[in-house]
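As structure tokens, the structure follows; a few thoughts come after it.
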Amino acid sequence: MRRFALVALMIVVSFLFFGMTIMHPIGKPILQDMDNYFITHAQEETGANNVVTSIVFDYRGFDTLGEATVLFAAVSGVAMLFGRRIRA
Amino acid sequence: MMFIVYLTVVALIGIGLYAIIFKRNLIKIVIGVSLVECAANLFLVSLGYKEGGVAPIFTMAPHENMVLPTPQALTLTSIVIGVAVTALMLSFAMNYYKSYGTLDATKGRLKG
Amino acid sequence: MREMSRIVRTVSHIMFPFVIMFGFYLVVHGHLTPGGGFQGGAIIASGLALLIVAYSRSRVKKVVKKEVLTTIESSGLLMFIGLAFLGIGATFFYNFLANSGIIFGDSVAYGINPGNLNTAGTLPLMSIAVGLEVLAGLSIIILMLAIGSLAGEGSR
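Protein chains in written order, with our numbering: chain A, 1 to 88; chain B, 89 to 200; chain C, 201 to 356.
If you want it as structure tokens, here you go:
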């Protein structure tokens, strides 16, 4: 079983190596129309100098909402796991 | 030299998957998950890098050639989710240790 | 875990207000400089971790109440969703305060500029809301992990 898992790990890592060799070189991103729009229009549309913040809280606010929900759920899980043991 | 970041990503994913599959200590499994998560964050940030670009912030920027902002925002989200998931996994590991007296994933027994 | 030596306690006593101040600075200036709600909240929570390491966790447990942190976290998340709902006239998450002249409503100079705190509309408010949520959430996680191991030693 361990040998089978080792072979599977080797296959996955070799696929990753193959994918690494055919990636585009670092420093020349391919599709950047959306990001160029954000960089040129973020200041007039949201008034913020920090483009990353304007994406996090304005353009992609739903991502942040889901992320805050995930954090809330994790905190509730941790508090539930340890709150019971303290009372007992 | 061009592919050193991708090489780091592949190495981190390989080490993390190795730790997840072959280690039996729960803390080491959590470390493996965190390594894979770090690899994903590094991959996202390196996808958005532009040659000679600065951070996409207009306050006192040296010039207007900026790296892509969307992967950075998604990485920010990913980091916070990673912290939450790691905290939950560690608290599960602590409860496991309190219940069974060991951190070995194969030694635990379910009590009726 | 006993409390650490007098040197560590004194230095952490001096450093703790500065850590908190730096965290709130990052939260409020999130739309001008690198930073924002998540990073500032994480730094404030690391201030609590400093207190737990320097003083003992049983002593910190008496001062920092879990109910207060839970209330802060829930109110931060509710503030965030409420701010998103306020722009429902156009869309959810619409930035209705930007360039409007009310609070945080100045229009920004385009291009590279030195920065003006009174800009960006709802972004600083949302940043404060998320900062409150993250600081309370990470503080609860750190406190629960520290106290949980303490309770385990006592019961076994």
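Beta carbons: idealized from backbone N, C-alpha and C, even for Gly. Owing to the predicted nature of the structure, the values given are computational and were not obtained by experimental measurement.
- In the three-state reduction of the DSSP assignment, G235 (chain C) falls in the coil class, being assigned neither a helical nor a strand state.
- Rounded to the nearest angstrom, the gap between the Cα atoms of T319 (chain C) and P217 (chain C) is 27 Å.
- When C-beta distances to chain B are compared with 8 Å, the residues of the region 309-322 of chain C below that value are G311, I312, N313, P314, G315, in chain order.
- Here E139 (chain B) is exposed, its C-beta having fewer than 16 other C-beta atoms within 10 Å.
- Around the beta-carbon of H213 (chain C), fewer than 16 other beta-carbon atoms lie within 10 Å, marking it exposed.
- Put simply, the region 111-118 of chain B does not touch the region 147-160 of chain B. Fewer than three CB pairs are less than 8 Å apart.
- The DSSP-derived three-state label of G223 (chain C) is helix.
- T64 (chain A) sits buried, since 16 or more C-beta atoms from the chains shown fall within 10 Å of its C-beta.
- In terms of Cβ geometry, S327 (chain C) and G223 (chain C) do not form a close pair [threshold 9 Å].
- Chain A has a Cβ within less than 9 Å of the Cβ of E333 (chain C).
- Counting C-beta pairs closer than 8 Å gives three or more between the region 333-342 of chain C and the region 263-278 of chain C, which meets the contact rule.
- About 7 Å separates the Cβ atoms of F296 (chain C) and T322 (chain C), confirming a contact at the 8 Å cut-off.
- Counting other Cβ atoms within 10 Å of its Cβ, G301 (chain C) stays below 16 and is therefore classed as exposed.
- The alpha carbon of V228 (chain C) has as its nearest neighbour, out of A:T53, A:M10, A:G83, A:Q43, the alpha carbon of A:T53.
- The alpha helix (DSSP H) runs lying completely inside the region 23-49 of chain A and spanning 4 residues or more are 33-46, given in chain order.
- In the three-state reduction of the DSSP assignment, K138 (chain B) falls in the strand class.
- Listed along the chain, the chain B residues whose CB falls inside 7 Å of the CB of F62 (chain A) amount to none; the nearest CB is some 11 Å away.
- Cβ-Cβ separation between P144 (chain B) and I39 (chain A): approximately 6 Å, consistent with a contact (criterion under 8 Å).
- Using a Cβ-Cβ cut-off of 7 Å, Y137 (chain B) is close to I26, G27 of chain A, given in chain order.
- Among the residues of chain B, those whose CB is under 7 Å from the CB of M34 (chain A) are T158, following chain order.
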